[in-house]
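J.: Dropping the structure in here first, questions after.
There are 4 protein chains.
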Amino acid sequence: MFHTPDPVRAIALGARVSVSNKLISDMYSELKEDEAIELVKRLYKMGHHTPFEHVSFTFGIENISRSCSHQLVRHRIASFTQKSQRYTRFGTRSLGSSSDKRIEIEDLYVFPPSFQKHPSILTKYRDYLELGRRLYEDLLSKGIPAEDARYILPNSAHTSLVMTMNFRELMHASSLRLCQRAQWEIRSVFEEIKKRVFEVSPFLSEFLCPKCEITGYCNEEKSCGRKPKKES
Amino acid sequence: MFHTPDPVRAIALGARVSVSNKLISDMYSELKEDEAIELVKRLYKMGHHTPFEHVSFTFGIENISRSCSHQLVRHRIASFTQKSQRYTRFGTRSLGSSSDKRIEIEDLYVFPPSFQKHPSILTKYRDYLELGRRLYEDLLSKGIPAEDARYILPNSAHTSLVMTMNFRELMHASSLRLCQRAQWEIRSVFEEIKKRVFEVSPFLSEFLCPKCEITGYCNEEKSCGRKPKKES
Amino acid sequence: MFHTPDPVRAIALGARVSVSNKLISDMYSELKEDEAIELVKRLYKMGHHTPFEHVSFTFGIENISRSCSHQLVRHRIASFTQKSQRYTRFGTRSLGSSSDKRIEIEDLYVFPPSFQKHPSILTKYRDYLELGRRLYEDLLSKGIPAEDARYILPNSAHTSLVMTMNFRELMHASSLRLCQRAQWEIRSVFEEIKKRVFEVSPFLSEFLCPKCEITGYCNEEKSCGRKPKKES
Amino acid sequence: MFHTPDPVRAIALGARVSVSNKLISDMYSELKEDEAIELVKRLYKMGHHTPFEHVSFTFGIENISRSCSHQLVRHRIASFTQKSQRYTRFGTRSLGSSSDKRIEIEDLYVFPPSFQKHPSILTKYRDYLELGRRLYEDLLSKGIPAEDARYILPNSAHTSLVMTMNFRELMHASSLRLCQRAQWEIRSVFEEIKKRVFEVSPFLSEFLCPKCEITGYCNEEKSCGRKPKKES
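Okay, here's the thing in structure tokens:
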């Protein structure tokens, strides 16, 4: 949604300050985009990742499952503000909205791709969700507070959040979450993040890649085969 | 479960090093428990909280809901390792256990106290959980991986985790989570934490208290009335 | 030097996502500056400080002492890249610069105000700095590496750094460093930071204030008298 | 000085909780040391480093230079309390001590090994330090506060600190600071840290090694030759 302006030059400035005696403001104004790109490449190669922290990106992430958000918030070097199941009523697109368009089950829950192949499972899943949705409304109508009624909501219930991460942590998180062994939903979140970074800077987006691209080998127990396993 | 040995003296040592020219090892061996207590009291009063970070506590937290664990892991200055819904099969106390004792619904899910007053709700809640439990087994038997089958598990499904927090962060987290306005389940986790700290050090456990005890006023929109609201 | 664009609305968006069912992109486009200001005021009053983390500021901080930088980098929730005394040669404004203007002692070291009142001290301080400067050059000419020659540089030797801090941490650091009891040099750094934030948003700059303005009392051992001491 | 008790089993427990359905207390009591060792080895190999955070070590680090401490405190995932140059008077081993043994220059400052080879440099260095020491006393006697008098202290002036780091961060910091290209003083601090960890657990101490031992290649611009450079 928004990000540090002029991110490549911001990272390069952070690097240059350590090795130059010039005034910071002069360094910044003199720094050209192509020099900045070369400097950032060298930094990365040498493993000097601190300057990448001077740049942050903020994303609005919508309609992911609570399973996915639970994994996402485990990245501790990041800032999250998430839709509350205590303070919002689940199942209404917009509280107090005048719209009376019915909200479909598909608008409220994630449907894992692996369910799609089994029509009987899809039917049972829908029935289960409908039962839960009615029970949730029933609880609220009996005076149960939303913070307790949410105990029945499944992991697949949609949530939304705003996430701010600096670019160093984005590289780290992507190295884990873009791995073929990562869970499909969080991998798709990071694929989307990579696309958004590409729109800002194709150059920077290339730093968002699975860990095997960085180390040259795979350390997963079950490898996807993209890179060889490390001999111990 | 475990904690930094001799925690009061460890905090006091951390404080004393800043203002003394003695050797650290001498300081530590000379430091008496009652002096340490006085020093820690003064530190706290002056807002010097860094020395409290030299002490960590590790807790095993079992059979809380995923709602509760989602809140808990939002404390970023802490270390968590949590039971995975990707790598464990839900609903079995112990994989490969020889025990054939049936596992009851109550062993697997949290029952919010507000549900208890409504027998009709309890019945519907149980039916819903039983349906979900059968659907989960059904999914697994159709070859759906556990990482997708878990999408149907409700927030109330039990989880367990090991949490390590330094004492400064324990004070901070407790100031929020022991507030009467905190959600009941996470408040009960912190009440239990306070009891465990009391077993180690009654003195230290007193630093675990709601924020209004520290500031002298309440900043919640809906106050429990324990302390006056702050005039702006 | 640079900061998250449109910072007040960015914080307000982070807050609104927790309590609204609207799409994040719609929330953001609909959010008006004056609403955002009201929302941010309420957040702050209620102690919900996480949304303030969605906004970061980056500052170029020049010609401060190493004493000051040592205190500054103790703020751990921040990113610093600092002029290295290993990789730069001290005492040259700009390596390889064509300028042959002599660099004065005043261009290289901080002169504490308390020294200014004593002409005899100023003379001795200058003599000491000149001796050190010659010794430093001497060491380098004997082949001592810069990383060892720097051991003789005094705390007052100038350094520069680029610092990125999110706004929540800026509020916290300012609460400590704008206190009258804070050391004069770091206090002046934060006074300058507050001015720069004022240029971006006069509204946000008001959140940067000494801790006593927030709590209403003083917890320092020696109070400046601005606010009463807290009765224990 | 102190550390989490029984550290190998503590790490292994943190790992086991994610993949087992047993009670945490049962897991812990059943976990044997040799199983724990095997589990920790596998964790490390797979890059699952979070469980290593459940274990912390606290070290008293004495008589290092301020250059070294400035580098040390840049590790942000750690807790430091350091001797203050504001609140202690430099050059007195122990304030108010009855001892009248003269404190030698060698007791107060670091002497870099590279100085030792040049007797003329050693003489000049000593003269410079003596001059600074007299000036420091002079400043205090004129009523200059210690927080300003310290501006003349050189980087080589001794400082002490208490540092607490979790084991994951200890592994990370060691990977950088045990590199042959790291600055000699901080490398010697980490060599000493490794020895102290060895006294607690020879097994764990092996995880403290330079980064090239982990990745198999060197990414420094000037390599020591221990491992080949990475082909890009």
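Residue numbers (the numbering used here), protein chains in the order written: chain A, 18 to 249; chain B, 18 to 249; chain C, 18 to 249; chain D, 18 to 249.
All C-beta atoms in this analysis are idealised placements derived from N, C-alpha and C, irrespective of residue type, glycine included.
Using a 10 Å radius around the Cβ and a threshold of 16 neighbouring Cβ atoms, would you call residue 114 (chain B) buried or exposed?
T.: Residue 114 (chain B) sits at position 97 when you count from the first residue of the second sequence. Because residue 114 (chain B) carries a pLDDT of 46, less than 50, the predicted location of this residue cannot be relied on, and no value is offered for it.
J.: How would you call residue 25 (chain C), buried or exposed, if buried means at least 16 neighbouring beta carbons within 10 angstroms?
T.: Locating residue 25 (chain C) in the third sequence gives position 8, where the first residue counts as 1. Answer is buried; the Cβ neighbour count reaches 16.
J.: Contact criterion: CB-CB distance below 7 Å. Does residue 64 (chain A) meet it with respect to chain D?
T.: Along the first sequence, one-based indexing puts residue 64 (chain A) at 47. Closer than 7 Å: yes.
J.: Listing by chain order, which chain A residues have their CB less than 9 Å from the CB of residue 217 (chain B)?
T.: To locate residue 217 (chain B), count along the second sequence from 1; it is residue 200. The contacting residues do not exist; residue 217 (chain B) stays about 26 Å from chain A at best.
J.: Can you grab the Cα-Cα spacing for the pair residue 119 (chain C) / residue 135 (chain D), in whole Å?
T.: Residue mapping note: residue 119 (chain C) aligns to position 102 of the third sequence, counting from 1. Residue mapping note: residue 135 (chain D) aligns to position 118 of the fourth sequence, counting from 1. Going by the C-alpha atoms only, they are around 30 Å apart.
J.: At a CB distance below 7 Å, what residues from the segment 157–171 of chain C approach chain D? Give them in sequence order.
T.: The segment 157–171 of chain C vs chain D, Cβ under 7 Å: 159, 161, 162, 164, 165, 167, 168, 169, 170 and 171.
J.: List, in order along the chain, the chain C residues whose C-beta lies closer than 8 Å to that of residue 99 (chain A)?
T.: One-based indexing of the first sequence puts residue 99 (chain A) at position 82. Within chain C, the residues near residue 99 (chain A) are 34 and 35.
J.: Are there 16 or more other CB atoms within 10 angstroms of the CB of residue 130 (chain A), so buried, or fewer, so exposed?
T.: The sequence position of residue 130 (chain A) within the first sequence is 113, counting from 1. Answer is exposed; the Cβ neighbour count stays below 16.
J.: Go ahead and pull the three-state DSSP assignment for residue 62 (chain D).
T.: Stepping through the fourth sequence from its first residue, residue 62 (chain D) is reached at position 45. Helix.
J.: Judging by CA-CA distance, which residue of D:98, D:140, D:164 and D:219 is the nearest neighbour of residue 177 (chain D)?
T.: Counting from one through the fourth sequence, the residue named residue 177 (chain D) turns up at place 160. Answer by Cα proximity: D:98.
J.: Helix, strand or coil for residue 12 (chain B)? Go by DSSP, reduced to three states.
T.: Outside the displayed range of chain B (18 to 249) lies residue 12 (chain B), so it cannot be described from this structure.
J.: Can you round the beta-carbon distance between residue 203 (chain D) and residue 194 (chain D) to whole angstroms, since I take them to be within the 8 Å contact cut?
T.: Numbered from its first residue, the fourth sequence carries residue 203 (chain D) at position 186. Numbered from its first residue, the fourth sequence carries residue 194 (chain D) at position 177. Indeed they touch by this definition, with Cβ atoms about 5 Å apart.
J.: Between the segment 62–78 of chain A and the segment 159–178 of chain C, are three or more C-beta pairs nearer than 8 Å?
T.: In short, these stretches do not touch, since the Cβ pair count stays below three.
J.: Can you tell me which of B:162, B:142, B:150 and B:155 puts its alpha carbon nearest to the alpha carbon of residue 137 (chain A)?
T.: In the first sequence, residue 137 (chain A) corresponds to position 120, counting from 1. Checking every option, the nearest Cα to that of residue 137 (chain A) belongs to B:155.
J.: Give the residues of chain B in contact with residue 142 (chain A), contact being defined as C-beta atoms less than 9 Å apart.
T.: Reading the first sequence from its first residue, position 125 is the one you call residue 142 (chain A). Result: 152, 156, 168 and 169.
J.: Please determine, among D:38, D:128 and D:45, the residue with the shortest C-alpha to C-alpha distance to residue 102 (chain B).
T.: Within the second sequence, numbered from 1, the residue matching residue 102 (chain B) stands at position 85. It is D:38.
J.: Suppose the cutoff is 8 Å on Cβ atoms and the five residues either side in sequence are ignored; what does the same chain contact list for residue 111 (chain D) look like?
T.: Here residue 111 (chain D) corresponds to residue number 94 of the fourth sequence, with the count starting at 1. Note that residue 111 (chain D) has pLDDT 48, beneath the 50 cutoff, so the model's placement of it is unreliable and the number below is only indicative. Same-chain partners within the cutoff: there are none.
J.: Using the beta-carbon of each residue, which ones in chain A are nearer than 8 Å to residue 238 (chain D)?
T.: To locate residue 238 (chain D), count along the fourth sequence from 1; it is residue 221. Ordered by position in chain A, the residues that pass the 8 Å Cβ test against residue 238 (chain D) are 63.
J.: If you measure from the beta carbon of residue 187 (chain C) to each beta carbon in chain D, is any gap under 7 Å?
T.: Stepping through the third sequence from its first residue, residue 187 (chain C) is reached at position 170. No, its Cβ sits nowhere closer than 7 Å to a Cβ of chain D.
J.: Beta-carbon of residue 176 (chain C) versus every beta-carbon of chain A: anything under 7 Å?
T.: Along the third sequence, read from residue 1 onward, the residue named residue 176 (chain C) stands at position 159. Not closer than 7 Å to any Cβ of chain A, the Cβ of residue 176 (chain C) fails to qualify, so no.
J.: Please confirm if residue 129 (chain C) has its CB atom under 7 Å from at least one CB of chain A.
T.: The residue labelled residue 129 (chain C) in the question sits at position 112 within the third sequence. With 7 Å as the cut-off, residue 129 (chain C) does not count as an interface residue toward chain A.
J.: I want to see whether chain A comes within less than 7 Å of residue 114 (chain B), judged by CB atoms only; does it?
T.: What you label residue 114 (chain B) is simply residue 97 of the second sequence in a count that begins at 1. Confidence at residue 114 (chain B) is low in this model, with a pLDDT of 46, below 50, so the placement of that residue is unreliable and no value is reported for it.
J.: Contact defined as beta carbons within less than 8 Å: I believe residue 29 (chain C) pairs with residue 56 (chain C). What is the distance between those atoms, to the nearest angstrom?
T.: As a working mapping, residue 29 (chain C) is identified with position 12 in the third sequence. As a working mapping, residue 56 (chain C) is identified with position 39 in the third sequence. Sure, about 4 Å apart at Cβ, within 8 Å.
J.: Tell me whether residue 227 (chain D) is buried or exposed, calling it buried when 16 or more other Cβ atoms sit within 10 Å of its Cβ.
T.: Numbered from its first residue, the fourth sequence carries residue 227 (chain D) at position 210. Looking at its Cβ environment, which holds 16 or more other Cβ atoms inside 10 Å, residue 227 (chain D) is buried.
J.: Secondary structure at residue 87 (chain A), three-state DSSP: helix, strand or coil?
T.: The count along the first sequence starts at 1 and reaches residue 87 (chain A) at position 70. Here residue 87 (chain A) sits in helix by DSSP.
J.: If you draw a straight line from the alpha carbon of residue 169 (chain C) to that of residue 91 (chain D), how long is it in whole angstroms?
T.: Sequence index remark: in the third sequence, residue 169 (chain C) carries index 152 (1-based). Sequence index remark: in the fourth sequence, residue 91 (chain D) carries index 74 (1-based). Going by the C-alpha atoms only, they are around 21 Å apart.
J.: Can you confirm whether the segment 217–227 of chain D touches the segment 181–199 of chain D when touching is taken to mean that 3 or more C-beta pairs between the two stretches lie within less than 8 Å?
T.: At 8 Å Cβ cutoff, the stretches touch.
J.: Look at the alpha carbon of residue 247 (chain C) and the alpha carbon of residue 229 (chain C), and state the distance between them as a whole number of angstroms.
T.: Your numbering for residue 247 (chain C) matches position 230 in the third sequence. Your numbering for residue 229 (chain C) matches position 212 in the third sequence. If you take the alpha carbons of residue 247 (chain C) and residue 229 (chain C), they lie about 10 Å apart.
J.: What is the DSSP secondary structure of residue 242 (chain D), counted as helix, strand or coil?
T.: If you number the fourth sequence from 1, residue 242 (chain D) lands on position 225. DSSP places residue 242 (chain D) in coil when its eight states are reduced to three.
J.: Between residue 183 (chain A) and residue 72 (chain A), which are expected to be in contact by the criterion C-beta below 8 Å, what is the C-beta distance as a whole number of angstroms?
T.: Numbered from its first residue, the first sequence carries residue 183 (chain A) at position 166. Numbered from its first residue, the first sequence carries residue 72 (chain A) at position 55. 6 Å between Cβ atoms; contact.
J.: Examine chain A for any beta-carbon lying closer than 7 Å to the beta-carbon of residue 228 (chain B), and answer yes or no.
T.: On the second sequence, position 211 is the one that residue 228 (chain B) refers to. Judged by the 7 Å Cβ criterion, residue 228 (chain B) is not in contact with chain A.
J.: What are the boundary residues of the alpha helix (DSSP H) that residue 158 (chain A) is part of?
T.: Position 141 of the first sequence holds residue 158 (chain A). Residues 136–158.
J.: Smallest Cα separation from residue 235 (chain C): which of C:206, C:199 and C:215?
T.: The residue you call residue 235 (chain C) lines up with position 218 of the third sequence. Cα-wise, what sits closest to residue 235 (chain C) is C:199.
J.: Starting from the C-beta of residue 241 (chain A), find all residues in its chain whose C-beta is less than 6 Å away, skip the five residues before and the five after it, and write them out in chain order.
T.: Counted from its first residue, the first sequence places residue 241 (chain A) at position 224. If we look at residue 241 (chain A) and ignore the five residues flanking it on each side, its Cβ neighbours are 197.
J.: Cα separation between residue 22 (chain D) and residue 18 (chain B)?
T.: The sequence position of residue 22 (chain D) within the fourth sequence is 5, counting from 1. The sequence position of residue 18 (chain B) within the second sequence is 1, counting from 1. Taking the straight line from one Cα to the other gives about 10 Å.
J.: If we ignore side chains and look at the alpha-carbon of each, how far apart do residue 209 (chain D) and residue 217 (chain D) end up?
T.: As a working mapping, residue 209 (chain D) is identified with position 192 in the fourth sequence. As a working mapping, residue 217 (chain D) is identified with position 200 in the fourth sequence. C-alpha separation (whole angstroms): 13 Å.
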